[in-house]
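Chains A and B, in that order, are what the protein sequence lines are. The numbering of the first sequence is our numbering, which starts it at 10 and goes up by one. The numbering of the second sequence is our numbering, which starts it at 4 and goes up by one. Quick reminder that beta carbons are idealized off the backbone N, C-alpha and C, glycines included. This report refers to the structure that appears directly beneath it.
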Amino acid sequence: RQVTVQRKEKDFEGMLEYHKEDEALLVKTLVTDIRPSTVSATVPCLPAYILFMCIRHADYINDDSKVESLLTATINAVKKVLKKNNEDFEMTSFWLANTSRLLHCLKQYSGDEAFMTQNTSKQNEHCLKNFDLAEYRQVLSDLSIQIYQQLIKVAEATIQPMIVSAMLESESIPSLAGVKPMGYRHRSSSMDTDAGGPASYTLQALIRQLGQFHAVMQEHGLDPEITGQVVRQLFHCINAVTLNNLLLRKDVCSWSTGMQLRYNTSQMEEWLRANNLYQSKAAATLEPVIQAAQLLQVKKKTTQDAEAICSLCTALSTQQIVKILNLYTPLNEFEERVTVSFIRNIQNRPQQRSDPPQLLMDTKHTFPVLFPYTPSALSLETLHIPASLCLDFLNRV
Amino acid sequence: RPPSRPRILLKAPTLAEMEEMNISEEEESP
């Protein structure tokens, strides 16, 4: 089909020519059948760049039906792959990275000046010549949101069963082992050995799982801003599930759980820092549970204590503070219960907060997702397609 | 800088419309 003359890199225009009848094979190879591991050693989001370079060529030859057909086939194939892998974090992350990269490419090379400010002059030469794909950008943006929601769903389903035992029940501070409120001393140890009982996870297991999610998203070249939003959403879930359990379980409302919880939340903040995720607003989502931990630990006796609690616990509603104080269980016979008059003191303080009416947090609350425009520094004409992808029917132009 | 000549807007169906078209195509071809 093609005279195989080795051309110098500079001769390439960053386009890929294909025959219309090869479109189905192209989409099958690059979308339907691809495994993330096939392209793991190459440029992140390679499928997105290859597809865009094919779109560029169809635009260059002024073939509107070829552009429309490839984009539609790609979008439908991505949707199918996601449906088939709707419990697979790796595949979902891979397609979120590639779909959002394809969307960024359609913007970066649209010819719209707003998207060209960071382009090199070579990249500007590579802008689409004939077609305005703004409507397809909208479809890809909608698709990216759908994929993001699937990613959150898969990740939440994985961590959900770990949260309570990792955050509230496992003993990550060795010196606190065995320090439990009266009557509950052996609860979690007996639970671990119960046949058929719930599985027990440590905080380290939960952090390890978060680390795996993070590593996968990084490997796929997902934009750091999107990765940050995923982490923030998962931290919200961890916070809400933990707080809701505190609000319902007497056995965890104790000084030692407060200590444990403070330690656990600090470990999670540490994980954010170690992974450059502290700016993602994820840490702020832990505020209610951090304050609940402090509430379990502070003195709860005098009017001054009540005042201090109210100015400390700004992320908790009065209803939540009162509930935790009511459930608070002394560690031993020397520690006193919280008195009724102290709780009344808290309840009767002038309300300066706008409290939500419900006691429990919405574990399913989702923050609106944003895909900020992230142009790429890659020069399309330098892109190398590995032979292992079996795309030799594409012709570099 | 490339000459800025107007590009032709390609109309795209919405994501939901694309899915509908895709489903009916699949139904047609057994």
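- Below the 7 Å Cβ cutoff, chain A contributes no neighbours of Glu23(B), its closest Cβ being approximately 11 Å away.
- Within the stretch 139-150 of chain A, the residues whose Cβ lies closer than 8 Å to some Cβ of chain B are Asn139, Phe140, Asp141, Leu142, Ala143, Glu144, Tyr145, Gln147, Val148, listed in chain order.
- Residues of chain B with a Cβ closer than 7 Å to the Cβ of Ile84(A) are, in chain order, Met21.
- Scanning the stretch 86-139 of chain A from its first residue to its last, the whole alpha helix (DSSP H) runs of 4-plus residues come out as 98-117, 130-134.
- Within its own chain, the residues whose Cβ lies closer than 8 Å to the Cβ of Ser150(A), once the five positions on either side in sequence are excluded, are Leu112, Phe380, listed in chain order.
- The beta-carbon of Val90(A) is placed no less than 8 Å from the nearest beta-carbon of chain B.
- Among the CB atoms of chain B, one or more fall inside 8 Å of the CB of Leu152(A).
- Contact between the stretch 96-109 of chain A and the stretch 149-165 of chain A is established, with three or more Cβ pairs separated by less than 8 Å.
- Counting only unbroken stretches of 4 or more residues, the alpha helix (DSSP H) elements lying wholly within the stretch 336-363 of chain A are 349-356, in sequence order.
- From the listed residues Asn341(A), Glu342(A), Phe343(A), Val298(A), the smallest Cα separation to Leu321(A) is found for Val298(A).
- Taking 8 Å as the threshold, the shortest C-beta distance from Leu137(A) to chain B falls below it.
- Contact of Val76(A) with chain B by beta-carbon distance below 8 Å involves Leu13.
- In this structure the stretch 130-147 of chain A touches the stretch 70-84 of chain A; the number of beta carbon pairs closer than 8 Å is three or more.
- The Cβ-Cβ distance between Val225(A) and Phe98(A) falls below 8 Å.
- By the C-beta density criterion, Met62(A) is buried, having at least 16 other C-beta atoms within 10 angstroms.
- Taken through DSSP and simplified to helix, strand or coil, Glu22(A) comes out as coil.
- The distance from the Cβ of Leu295(A) to that of Thr274(A) is about 5 Å, consistent with a contact at the 8 Å cut-off.
- Spanning the alpha carbons of Tyr272(A) and Glu278(A) requires a straight line of approximately 10 Å.
- Each residue's CA atom was taken as its position, placing Asn354(A) and Ala315(A) some 7 Å apart.
- Sixteen is the threshold: when 16 or more other Cβ atoms of the shown chains lie within 10 Å of the Cβ of Ser326(A), as they do, the residue is buried.
- With a cutoff of 8 Å on beta-carbon distance, Gly267(A) and Gln329(A) are scored as not near each other.
- With contacts defined by Cβ atoms closer than 8 Å, Leu18(B) and Val148(A) form a contacting pair.
- For Ile247(A), no pairing in a beta bridge is given by DSSP.
- Only those residues of the stretch 50-82 of chain A whose C-beta falls short of 8 Å from the nearest C-beta of chain B are listed: Asp73, Val76, Glu77, Leu80, Thr81.
- Here Asn254(A) really is in contact with Leu177(A); their C-beta atoms are around 6 Å apart, less than 8 Å.
- DSSP places Pro45(A) outside any alpha helix (DSSP H), giving it a letter other than H or E.
- Within the same chain, and ignoring the five residues on either side of Glu165(A) in sequence, the residues whose Cβ sits closer than 6 Å to its Cβ are Cys246.
- Between Val36(A) and Ala86(A), the gap from beta carbon to beta carbon is short of 8 Å.
- In the three-state reduction of the DSSP assignment, Arg405(A) falls in the strand class, which pools E and B.
- Scanning its chain for C-beta atoms nearer than 6 Å, with the 5 sequence neighbours on each side dropped, one finds around Ile161(A) the residues Gln242, in chain order.
- For Ala292(A), same chain residues with a beta-carbon under 6 Å away, outside a window of 5 residues either side, are Glu278, Leu281 in chain order.
- Residues of the same chain with a CB within less than 8 Å of the CB of Pro365(A), apart from the 5 flanking positions on each side, are Ser326 in chain order.
- Distance from the CA atom of Leu34(A) to the CA atom of Tyr210(A), rounded to whole angstroms, is 45 Å.
- The three-state secondary structure of Asp141(A), taken from DSSP, is strand.
- Following the DSSP letters along the chain, one finds Phe61(A) inside the alpha helix (DSSP H) bounded by residues 55-69.
- Membership of Tyr272(A) in the alpha helix (DSSP H) is indicated by the continuous run 264-283.
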